[in-house]
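For the sequence shown, the tail end lands on 247 under UniProt numbering, and the numbers increase by one without skipping.
Just so you know, even glycine gets a beta-carbon here, dropped at the ideal spot from N, CA and C.
Since the model is a prediction, treat every value here as computed from it, not as a measurement.
Since the structure comes first, as structure tokens, the remarks are kept for the end.
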Amino acid sequence: MSGLRIEELPDRLVVTLDRPEKRNAIDADLVGELHAVCADLEARPRLLLLTGGTAGIFAGGADIAQLRERGRLDALAAINQGVFARIRALPMPTVAAVDGPALGGGAELAYACDLRVCTDRAVFGQPEVRLGILAGAGATYRLPALIGEARAKELLFTGRRVDAEEALRIGLVNRVVADPAELLPTAHGLLDEMAKGSALALRLTKMAVDAPAAAHPQLDLLSQAVLFEDEEKHRRMTEFLDRRRAR
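Structure follows, in structure tokens:
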């Protein structure tokens, strides 16, 4: 893949945006490559770490030169929105590791992940209204869910940028690291904690959290019924009881 670097580990995929000459701008080719990543993770569910690396840029947004030429049919085709929705719906949890600017579509790509870790030089922003369009790839509904309606409206209406300190305070990110060299280890640390649990329980938990309110509590009960019959549940609980007896 020309726009992505992919590292396959036993329990996760590490995907690095790799268009430094374009500030990792999200163009049609990159969207196609992200779709291919999603197809792989849908067929063989694993954790995902998505990053722009530690070179001071996550993604500067959509490719404006391409965006300028798009018409109404391109908008209705949901080019970026479609792949971001697919990332959001991946079976296993996802973490975005953000160093530097995540703007426009780049921010929306980060919002599509379940968790976000960033450096203290990270910046998030939705400048779309200043370019005569709206944030049409997920920010209008994912951002209010993350930080609340009033804060989201302020950012969407003004295009104001949010630095790492504010992003942590308002709940837009889960962790901030001062040293860019610690960004990927911190993100991997979060995934390592997840990987200690049952993969099936993790997958069903994500499904339950992401489900619409009307699906509860029936979805929770059904998921728990599946897990109660799972052999790994019995093994894990037996090991827990054995450790407690040993103490």
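Residues bridged to residue i (per DSSP)
i: residue 103; result: 125
i: residue 115; result: 95
i: residue 4; result: 17
i: residue 187; result: Paired residue(s): none; residue 187 is not in a bridge.
i: residue 62; result: 26
Option in the options with minimal Cα separation from residue i
i: residue 75; options: 92, 138, 123; result: 138
i: residue 89; options: 67, 51, 45; result: 45
i: residue 91; options: 40, 120, 169, 57; result: 40
i: residue 115; options: 246, 230, 189; result: 189
i: residue 32; options: 17, 238, 140, 21; result: 17
i: residue 97; options: 83, 122, 171, 25; result: 122
i: residue 108; options: 94, 93, 80, 100; result: 80
i: residue 50; options: 63, 22, 3, 43; result: 3
i: residue 147; options: 101, 172, 15, 20; result: 172
i: residue 85; options: 36, 95, 113; result: 113
i: residue 62; options: 73, 11, 106, 47; result: 106
i: residue 47; options: 22, 166, 15; result: 15
i: residue 9; options: 78, 192, 161; result: 192
i: residue 156; options: 124, 23, 59; result: 124
i: residue 64; options: 213, 27, 99; result: 27
i: residue 93; options: 168, 194, 29; result: 194
i: residue 100; options: 73, 177, 135; result: 177
i: residue 58; options: 214, 77, 22; result: 22
Alpha-carbon to alpha-carbon, residue j and residue i
i: residue 67; j: residue 104; result: 12 Å
i: residue 5; j: residue 244; result: 44 Å
i: residue 199; j: residue 221; result: 18 Å
i: residue 186; j: residue 13; result: 16 Å
i: residue 183; j: residue 52; result: 11 Å
i: residue 251; j: residue 117; result: Lying outside 1 to 247, the shown extent of the chain, residue 251 is not represented and no answer is given.
i: residue 87; j: residue 131; result: 26 Å
i: residue 180; j: residue 120; result: 8 Å
i: residue 210; j: residue 204; result: 10 Å
i: residue 54; j: residue 233; result: 38 Å
i: residue 71; j: residue 129; result: 17 Å
i: residue 145; j: residue 170; result: 12 Å
i: residue 218; j: residue 20; result: 46 Å
i: residue 153; j: residue 238; result: 49 Å
i: residue 163; j: residue 34; result: 27 Å
i: residue 83; j: residue 230; result: 32 Å
i: residue 236; j: residue 25; result: 44 Å
i: residue 206; j: residue 159; result: 31 Å
i: residue 111; j: residue 102; result: 10 Å
i: residue 224; j: residue 133; result: 44 Å
i: residue 196; j: residue 247; result: 21 Å
i: residue 38; j: residue 165; result: 31 Å
i: residue 60; j: residue 140; result: 18 Å
For residue i, the first and last residue of its enclosing beta strand (DSSP E)
i: residue 16; result: 12–17
i: residue 51; result: 47–51
i: residue 44; result: Premise fails: residue 44 is in no beta strand (DSSP E) and is neither H nor E.
i: residue 175; result: 175–177
Residue span of the alpha helix (DSSP H) that contains residue i, given as start and end
i: residue 158; result: 149–158
i: residue 166; result: 164–169
i: residue 241; result: 231–246
i: residue 9; result: Premise fails: residue 9 is in no alpha helix (DSSP H) and is neither H nor E.
i: residue 88; result: 79–88
i: residue 219; result: 218–228
i: residue 73; result: 72–76
i: residue 210; result: 199–210
Heavy atom of the ligand GTP within 6 Å of residue i beta-carbon
i: residue 246; result: With respect to the ligand GTP, the structure offers nothing, as it holds no ligand at all.
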